[in-house]
Every structure is written in C-alpha cells, then in structure tokens.
Amino acid sequence: MSIKSDRWIRNMATSHGMIEPFEAGQVKQVDGRRIVSYGTSSYGYDVRCSDEFKLFTNLNSTIVDPKNFDANSFVDLNADVCIIPPNSFALARTVEYFRIPRNVLTVCLGKSTYARCGIIVNVTPLEPEWEGYVTLEFSNTTPLPAKIYANEGVAQMIFFESDADDVCETSYKDRGGKYQGQVGVTLPKI
C-alpha cells in the first residue's frame, strides 16, 4: 500500500471523477481575502466545509445514543460561519463529493489551523468504493465559543492505494454500506 501524490490525485479526479468539484492546486485567497486553504496539496486533498451545519444542543436534555439518536439534539443552520459552543460539537458536510476507487482507502485529518485552536475534525476512513459527501464532525475542546468557516479548508484527505495484487475482496459498496451515497449532513444509523 502506498500514499498517493498530487499528480495521482489530479489524475484520479480528472479522469475518474474521484473528487467533484476539484481544485488542481491550493486556493489560499478568494476575492482578495485570505482563507483557510483548500485543494490539492503534496500528498493529499484539503476539503472545504459547506454552509450546511447541524449544531449540537442540550436543550432537550436527552441521552446521546448512537443506536437511537434524537435528531432534535441538533439545530439546523445554513450560514457562512458556525459558532460552536464551548465543549460542544457540530456536524457539517464537505463541499466536495467523493467516489473512492476499489483499490483505495482514504483517511481524513484535521487541518493544523483548526487543531491549533482546539477544534478537532473527526471523520472515519472512506472505504474502497464509498461514495458521497463526507459528514464532518467538529469538536470544540475549548472553554470558549469556536468559529468554523464555510467554503474554506477544514481537513485533509490522504489516499492510500493497495498493491495491484491486493485489492479488497469486499468493498463498502459490495456490502451495501449504510452511508453509501449520502448527500447531506447524515446522522448516525444502525
């Protein structure tokens, strides 16, 4: 298994539609203002956060249960900025839609700009043949409110390609994964 470079990422995005929309280089400014960068990097792809957020609230004093998640635990928000309360979290989704090849595993790590502010970005691996918009989880680990910017970089995807003779027997698509083809911010399912 090997980590893939910017050249491979550009090729897969343009010839196989692996990432849409796709930015071939790093975007660091929009309309003359500096932003948290997104686009192709040396060995990864920096994704953007859409303006669609689900902000966690404890107004209903419910139990957080992954087997029976209460959708009323979130407030829906469409905005250019999401303010996450102290010690809380928000869900969002990527601007980019992904189609992961059968011989690729994708791992996501938060960008250092957010990590240095105590904001953790969590995404589980994108398995071979997974497809959809990626649901992002932002945890504010600080005792202060934290700001997330829509349409700017938030996390980096790193792509690992298997050896030609070691492609997985069963992909995410083969087993009918429950998050296949997700289009919006997707809550937990069992």
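Per the working numbering, residue 836 is the first one in the sequence shown, and the count goes up by one each step. All C-beta atoms in this analysis are idealised placements derived from N, C-alpha and C, irrespective of residue type, glycine included.
Our contact map puts residue i next to residue j with C-beta atoms below 8 Å; I'd like the distance itself, whole angstroms only.
i: Y873; j: E858; result: 6 Å
i: C917; j: I983; result: 5 Å
i: L971; j: R928; result: 6 Å
i: G1019; j: E887; result: 6 Å
i: I855; j: N938; result: First, the residue type needs correcting, since residue 855 is Glu and not Ile in the sequence shown. In fact, because the Cβ distance is near 20 Å, the residues do not count as touching under 8 Å.
i: C952; j: A985; result: That pair is no contact at about 16 Å.
i: P978; j: N922; result: 7 Å
By DSSP, does residue i sit in helix, in strand, or in coil?
i: I844; result: helix
i: S885; result: strand
i: N907; result: helix
i: S831; result: No answer is possible for residue 831: the residues shown for the chain start at 836 and end at 1025.
Less than 8 Å between CB atoms is the rule here; does residue i satisfy it with respect to chain D?
i: P936; result: The displayed structure is made up of one protein chain only, and chain D is not part of it.
The alpha helix (DSSP H) spanning residue i covers which residue range?
i: A925; result: Element bounds for A925: not the alpha helix (DSSP H) but the beta strand (DSSP E), 924–934.
If you follow the beta strand (DSSP E) that residue i is part of, which residue opens it and which one closes it?
i: D990; result: As written in the sequence, residue 990 is Ala, which differs from the Asp given in the question. First-last of the beta strand (DSSP E) with A990: 988–996.
i: Y873; result: 868–876
i: I1025; result: It is not in any beta strand (DSSP E) - I1025 carries neither H nor E in the DSSP assignment.
i: I898; result: Neither: I898 is in no beta strand (DSSP E) and is coded neither H nor E.
i: V865; result: 861–865
i: V786; result: Residue 786 cannot be examined here, being either before or after the span of the chain that is shown, 836 to 1025.
Original post:
Touching or not, the region 1010–1018 and the region 941–949, by the rule of three or more beta carbon pairs under 8 Å?
Top reply: Using a Cβ-Cβ distance cut-off of 8 Å, the region 1010–1018 and the region 941–949 are not in contact, since fewer than three pairs of beta carbons, one from each stretch, lie closer than that value.
Original post:
What are the start and end residues of each continuous alpha helix (DSSP H) run of 4 or more residues lying completely inside the region 942–988, in chain order?
Top reply: As for any alpha helix (DSSP H) of minimum length 4 sitting wholly inside the region 942–988, the runs are 947–950, ordered along the chain.
Original post:
If you pair each beta-carbon of the region 908–926 with each one of the region 935–943, do three or more pairs fall below 8 Å?
Top reply: In short, these stretches do not touch, since the Cβ pair count stays below three.
Original post:
Looking at C-beta atoms only, is the number of pairs between the region 881–889 and the region 984–998 that lie closer than 8 Å three or more?
Top reply: A contact exists between the region 881–889 and the region 984–998.
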